[in-house]
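Here the sequence shown is numbered in our numbering, starting from 8 and rising by one per residue.
In this text, a Cβ means the ideal position worked out from N, Cα and C, and glycines have one as well.
Predicted model only: the values in this text are computed from it and were never measured.
What follows is one structure encoded as structure tokens, with my remarks underneath.
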Amino acid sequence: MPKKGITGHDDWVLTEALATALVALEQLAPKHQPSAHMDDIRKMLANGKEPAAVSLHLAQAKCRLFPETDPLEIYKEYGIGEEYG
Numbered sequence: 008m009p010k011k012g013i014t015g016h017d018d019w020v021l022t023e024a025l026a027t028a029l030v031a032l033e034q035l036a037p038k039h040q041p042s043a044h045m046d047d048i049r050k051m052l053a054n055g056k057e058p059a060a061v062s063l064h065l066a067q068a069k070c071r072l073f074p075e076t077d078p079l080e081i082y083k084e085y086g087i088g089e090e091y092g
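In structure tokens:
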């Protein structure tokens, strides 16, 4: 059976990349944040996904970018309960 897209899991890879990019851009000083692009990234992340799934991707991205931070605190920041920690 032929794989879907380039990798067979393109949507997952793009979602993870967009979530990581958004979390990284949010760390910039507000005057350096490309807000229009960030809004577009949010729209792309939300397209066809449940809001809880988007929050989970963002929380996981922040956990990867800030491994010294307590993951449960990050999940709470994104409105995710301890069942995902």
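{"Asked": "Closer than 8 Å by C-beta to R71: which residues in its own chain qualify, once you throw out the five before and the five after it? Chain order, please.", "Found": "T27"}
{"Asked": "Express the C-alpha separation of L79 and P41 in angstroms, rounding to a whole number.", "Found": "28 Å"}
{"Asked": "Rounded to whole angstroms, what is the Cα-Cα separation between K83 and K69?", "Found": "12 Å"}
{"Asked": "Which word fits L35, buried or exposed, when buried means at least 16 other C-beta atoms lie within 10 angstroms of its C-beta?", "Found": "exposed"}
{"Asked": "On the criterion of 16 or more Cβ atoms from any shown chain inside 10 Å, does T76 qualify as buried, or is it exposed?", "Found": "exposed"}
{"Asked": "By a C-beta neighbour count over all protein chains shown, 10 Å radius and 16 as the cutoff for buried, is T14 buried or exposed?", "Found": "exposed"}
{"Asked": "Excluding five sequence neighbours on each side, which residues of the same chain lie with their C-beta closer than 6 Å to the C-beta of H64?", "Found": "T22, A26"}
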